[in-house]
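So the sequence lines, in the order shown, correspond to chains W and B.
In terms of the numbering used here, the first sequence is residues 11 to 274.
In terms of the numbering used here, the second sequence is residues 21 to 316.
Glycine is no exception: its CB is placed at the ideal position from the N, C-alpha and C atoms.
Reading through the structure tokens given below for one structure.
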Amino acid sequence: MIELMNVRKVFNPKTVNENVAIKGLNLKIEKGEFVAVIGSNGAGKSTMLNLIAGILQPDSGNVMANGKDITALPDHARASFIGSVFQDPLSGTAKSLSIEENMAIALKRGQGRWFRKGVNRKNRQLFSEKLATLGLGLENRLKTNAGLLSGGQRQCLTLLMAVMANPEILLLDEHTAALDPKTAELVMNLTAKLVSEMNLTCLMVTHNMKQAVEYGSRIIMMHGGEVVVDVRGADRQGLTVADLMRMFENVRGVGLEDDKLLLS
Amino acid sequence: MTAYAFLGAIEHGLMFSLMALGVFLTFRALDFPDLSVDGSFPLGAAVCAVCITKGVNPFAAVAAAGFAGACAGFVTAFLNTKLKILNLLAGILTMIASYSVILRIMGMPNLPLLGYDTIFTPIENLGFAPQTAAIIFSGFAAAITAIFLIWFFHTDMGLALRATGDNMKMVRAQGISTNRMVFIGVSASNGLVGICGAIAAQSLGFADVNMGIGTVVAGLASVIVGEAILSSRSVLRAVIGVILGSMIYRLAIAYALSFQIGDFRFSPGDLNMITAVIVIAALSFPGLRRKVGVGK
Numbered sequence: 011m012i013e014l015m016n017v018r019k020v021f022n023p024k025t026v027n028e029n030v031a032i033k034g035l036n037l038k039i040e041k042g043e044f045v046a047v048i049g050s051n052g053a054g055k056s057t058m059l060n061l062i063a064g065i066l067q068p069d070s071g072n073v074m075a076n077g078k079d080i081t082a083l084p085d086h087a088r089a090s091f092i093g094s095v096f097q098d099p100l101s102g103t104a105k106s107l108s109i110e111e112n113m114a115i116a117l118k119r120g121q122g123r124w125f126r127k128g129v130n131r132k133n134r135q136l137f138s139e140k141l142a143t144l145g146l147g148l149e150n151r152l153k154t155n156a157g158l159l160s161g162g163q164r165q166c167l168t169l170l171m172a173v174m175a176n177p178e179i180l181l182l183d184e185h186t187a188a189l190d191p192k193t194a195e196l197v198m199n200l201t202a203k204l205v206s207e208m209n210l211t212c213l214m215v216t217h218n219m220k221q222a223v224e225y226g227s228r229i230i231m232m233h234g235g236e237v238v239v240d241v242r243g244a245d246r247q248g249l250t251v252a253d254l255m256r257m258f259e260n261v262r263g264v265g266l267e268d269d270k271l272l273l274s
Numbered sequence: 021m022t023a024y025a026f027l028g029a030i031e032h033g034l035m036f037s038l039m040a041l042g043v044f045l046t047f048r049a050l051d052f053p054d055l056s057v058d059g060s061f062p063l064g065a066a067v068c069a070v071c072i073t074k075g076v077n078p079f080a081a082v083a084a085a086g087f088a089g090a091c092a093g094f095v096t097a098f099l100n101t102k103l104k105i106l107n108l109l110a111g112i113l114t115m116i117a118s119y120s121v122i123l124r125i126m127g128m129p130n131l132p133l134l135g136y137d138t139i140f141t142p143i144e145n146l147g148f149a150p151q152t153a154a155i156i157f158s159g160f161a162a163a164i165t166a167i168f169l170i171w172f173f174h175t176d177m178g179l180a181l182r183a184t185g186d187n188m189k190m191v192r193a194q195g196i197s198t199n200r201m202v203f204i205g206v207s208a209s210n211g212l213v214g215i216c217g218a219i220a221a222q223s224l225g226f227a228d229v230n231m232g233i234g235t236v237v238a239g240l241a242s243v244i245v246g247e248a249i250l251s252s253r254s255v256l257r258a259v260i261g262v263i264l265g266s267m268i269y270r271l272a273i274a275y276a277l278s279f280q281i282g283d284f285r286f287s288p289g290d291l292n293m294i295t296a297v298i299v300i301a302a303l304s305f306p307g308l309r310r311k312v313g314v315g316k
């Protein structure tokens, strides 16, 4: 499905700020897996996601999807089979466009964009049905500008838009981290529902171990640009947050007190 | 202000609203501060003037001017997207380069059009005075352009273009090439500006290599004045606002030029200062309005 082969990414090479974000990473993700990616700040989680999405290009190594080498494919060309949701709830929608216009843009992903009317009666009906499943009443506000929605509402809309054009892969970069606990739960429930309904392959970066244990069918822990723990199949059964914390301490060789986010 | 000055301001306001709509397309919709407008305006005028003096149909000459303007925009987009040159600088480079191109096209710095048939001739033949004919034609051209832009901004491509100016990260995640949108937007904008230059040359009766100076500031002034009076909540309001803004801007200049206290009068040399003051006033207007307590 997705495969990273010996991928390496260095930021600011040959300067005093040189930072090896990903060093020789090999990872194979099978179709239908829900991979939760955990690790401390600077472990390379987001960089890995950005390499898969095509926002970043690796310095060496290859990115494969369905057996094809997509290393040279720019991010917008990968969007036909990859949907992404970022941490910042404002980054997934265009604020000056209405809800229906945002969704029309998402619906056309992977198709030509020419001079057809963006929002017509037929797809407005579809948007309204999709929004109704959120239970936020947004189906009655199709003409409201996205900029007038709350962060949680915008993140729900972003999630709907990310899967609108039936991608195969969904990339989530701490997509609930900037939301209040109640909204975060709403967005997470919606995520789980969409992933199982649409049978998506999902990579979710999270700082929340409880979330990782609850939703991940496979859990990956990164540290210093490498995968240090990879739990799936039989080992994944009965894994608890406490087990995960212990593994994390073993890897880091230090206590967790310096990383308060993990305790949530 | 005399009736003649008033009508002149309306004529220029309508005529230059095409250029202002082009500026709106880049500065506002695409969020691309494009200064090549100062070059594509006289480029359009030059191409049109040369075509007309060579006996080409005036309407075909205007189309050729639009194409020339679009080419200038294409160059700016190329410099920005492919060669990674800062958008402001890319526009300035196209602007100064087009100066030489215009001199090559015309072969001289100024090309008079007196005595040739223009796009206004068919209307004048119906019995209208030249100024009335220019107002009718410019109003018609502004209306067609406005309808076209409002339609375009609601198509799939138009939505993608507006989103590009709003949130590039989202646009790329939705599978849109932002480079493609910059090419389309900047070329279309400069095409409009080239057409505007062609119409202006025929109205003035000449094309001049220096006639583009200050075009982009005038366009920006119209856009900002339009936003101050009508706000830009919807595409419809924004587009109509630009046309109204363009007329108000020309009226304000005409008023300033007719202004007199004792022996003091503004001279045409003061126009740049007047324009700057209008832009500053329009920019600070929304803030002032809030302070006074008039809700948006």
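* How big is the Cα-Cα spacing for residue 160/W and residue 108/B? -> 34 angstroms
* Asked: residue 236/W lies in the alpha helix (DSSP H); which residues open and close that run?
  -> Taken as a continuous stretch (DSSP letters only), residue 236/W belongs to no alpha helix (DSSP H), being part of the beta strand (DSSP E) at 236–241.
* Asked: With 8 angstroms set as the bound, which would you pick, yes or no: does the beta-carbon of residue 55/W sit closer than that to a beta-carbon of chain B?
  -> no
* Return the Cβ separation of residue 50/B and residue 201/B in integer angstroms, given the expectation that the two are a contact with Cβ distance under 8 angstroms. => 7 angstroms
* Asked: From which residue to which residue does the beta strand (DSSP E) around residue 13/W run?
  -> 12–21
* To do: Measuring only between beta-carbons, confirm whether residue 193/B sits less than 8 angstroms from chain A.
  => No chain A is part of this structure, whose protein chains are labelled W and B.
* Asked: From the beta carbon of residue 186/B, is the nearest beta carbon of chain W less than 8 angstroms away?
  -> yes
* To do: Please compile the residues from chain W whose C-beta is within a distance smaller than 9 angstroms of the C-beta of residue 179/B.
  => 104, 107, 111, 112, 114, 115, 118, 123, 128 and 129
* Asked: Nearest-angstrom Cα distance between residue 266/W and residue 32/W?
  -> With a pLDDT of 48 at residue 266/W, under the threshold of 50, the modelled position of this residue cannot be trusted; read the value that follows with caution. The alpha-carbon atoms of residue 266/W and residue 32/W are separated by roughly 23 angstroms.
* To do: Check each residue of the stretch 196–220 of chain B: if its Cβ is closer than 8 angstroms to any Cβ of chain W, include it; give the result in chain order.
  => 196, 197 and 198
* With distances taken Cα to Cα, identify the nearest neighbour of residue 84/B among 215/B, 225/B and 163/B. => 215/B
* To do: Would you grab the beta carbon distance between residue 318/B and residue 82/B for me? Rounded to a whole angstrom, and I think it's under 8 angstroms.
  => What the structure shows of chain B is the stretch from 21 to 316, and residue 318/B is not part of that stretch, so it cannot be assessed.
* Simplified DSSP assignment, three categories, for residue 42/B -> helix
* **Span separating the alpha-carbon of residue 270/W from that of residue 30/W** => Note that residue 270/W scores 46 on pLDDT, short of 50, meaning its location in the model is unreliable and no value can be drawn from it.
* Asked: Secondary structure at residue 305/B, three-state DSSP: helix, strand or coil?
  -> helix
* For residue 27/W, name the three-state secondary structure that DSSP assigns. => coil
* Asked: Which of the residues in the stretch 71–90 of chain W, read from start to end, lie with their CB under 9 angstroms from any CB of chain B?
  -> 84, 85, 86, 87, 88, 89 and 90
* With burial defined as no fewer than 16 other Cβ atoms inside 10 Å of the residue's Cβ, what is the status of residue 24/B: buried or exposed? -> exposed
* Asked: Which residues mark the beginning and the end of the beta strand (DSSP E) in which residue 230/W is found?
  -> 228–233
* **Alpha-carbon spacing of residue 316/B relative to residue 87/B, whole angstroms** => Below a pLDDT of 50, predicted positions are generally treated as unreliable, and residue 316/B, at 41, falls in that range; no measurement from the model is reported.
* What's the gap between the Cα of residue 100/W and the Cα of residue 164/W? -> 7 angstroms
* To do: For residue 183/B, decide whether its Cβ has a neighbour in chain W, counting only Cβ atoms nearer than 8 angstroms.
  => yes
* With a cut-off of 8 angstroms, does the C-beta of residue 94/W fall near any C-beta of chain B? -> yes
* Could you tell me which of 115/B, 44/B and 231/B sits nearest to residue 55/B, measuring between CA atoms? => 115/B
* **Between the CA atoms of residue 188/W and residue 98/W - distance to the nearest angstrom** => 7 angstroms
* Since I believe residue 245/B is in contact with residue 269/B (beta carbons under 8 angstroms), could you give me their beta-carbon distance rounded to a whole number of angstroms? => 5 angstroms
* To do: At 7 angstroms on the CB atoms, spell out the chain W contacts of residue 51/B, in chain order.
  => Under the 7 angstroms cutoff, chain W gives no residues; its nearest Cβ is about 10 angstroms from residue 51/B.
* Asked: Which first and last residues belong to the alpha helix (DSSP H) in which residue 194/W is found?
  -> 191–207
* **Distance, residue 49/W Cα to residue 217/W Cα** => 7 angstroms
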